[in-house]
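In terms of our numbering, the sequence shown opens at residue 625 and continues consecutively.
Below is one structure, written out as structure tokens, with a few remarks after it.
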Amino acid sequence: MLQLLDEAKAKPETTVGELQDKFSLMYKLNPRDKDFFFYNQHQFLTSLLAYVCLPKETFYEQLPEIILKDLDEGWGLNGLLLDLSLKNFLRHIRNAVSHGHVEVTKDLVFTFRDGSTTIVLNHISLHKFCQALAYWCLTKDINLKNL
């Protein structure tokens, strides 16, 4: 979006709607969607060190052995076809981030690789997961009652 704004700075007649439409055509993401928010994927990857790696190191032993499909949808992981516990899921994500085995597409789909395990999350699911994990670290509420 910054690139589009930079191109339009010499054209004061350009509307925000025109910029949003151009962005939507380029990236197949509509900035008008209620679930859309801008990401700097590189900053988000750096932030995953705090969102995922540090909680894994601090709270890993306390994480319940709940299977991903049994988690509340607020975790953002429903629909994943992985037969993993939350504990193992976090371990794989942490390893991928820590060892630089993460790829991000222009559509903000994050692929985490740890050995033979590949985990693919879109930016919405990843954001929900990080939020739920932070909430769990503070409350130990696996059902996310007040999130």
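C-beta atoms are modelled at their ideal positions from N, C-alpha and C, and glycine is treated no differently.
Three-state class that DSSP yields for residue i in the structure shown
{"i": "residue 689", "result": "coil"}
Alpha-carbon to alpha-carbon, residue j and residue i
{"i": "residue 644", "j": "residue 634", "result": "17 Å"}
{"i": "residue 707", "j": "residue 740", "result": "14 Å"}
{"i": "residue 630", "j": "residue 730", "result": "19 Å"}
{"i": "residue 778", "j": "residue 720", "result": "No statement about residue 778 is possible, as the shown extent of the chain runs from 625 to 771 and does not include it."}
{"i": "residue 760", "j": "residue 632", "result": "44 Å"}
Option nearest residue i by Cα separation, candidates the options
{"i": "residue 748", "options": "761, 760 and 734", "result": "734"}
{"i": "residue 691", "options": "714, 764, 641 and 675", "result": "714"}
{"i": "residue 703", "options": "647, 745 and 640", "result": "745"}
{"i": "residue 754", "options": "641, 632, 687 and 672", "result": "672"}
{"i": "residue 686", "options": "700, 762 and 632", "result": "762"}
Whole-number beta carbon distance between residue j and residue i, since they are thought to touch under 8 Å
{"i": "residue 737", "j": "residue 676", "result": "At roughly 15 Å, the Cβ-Cβ gap does not stay under 8 Å, so residue 737 and residue 676 are not in contact."}
{"i": "residue 669", "j": "residue 728", "result": "7 Å"}
Quiz prompt | Segments assigned beta strand (DSSP E), at least 3 residues, entirely inside the segment 717-753 | solution = 726-728, 733-738 and 741-746
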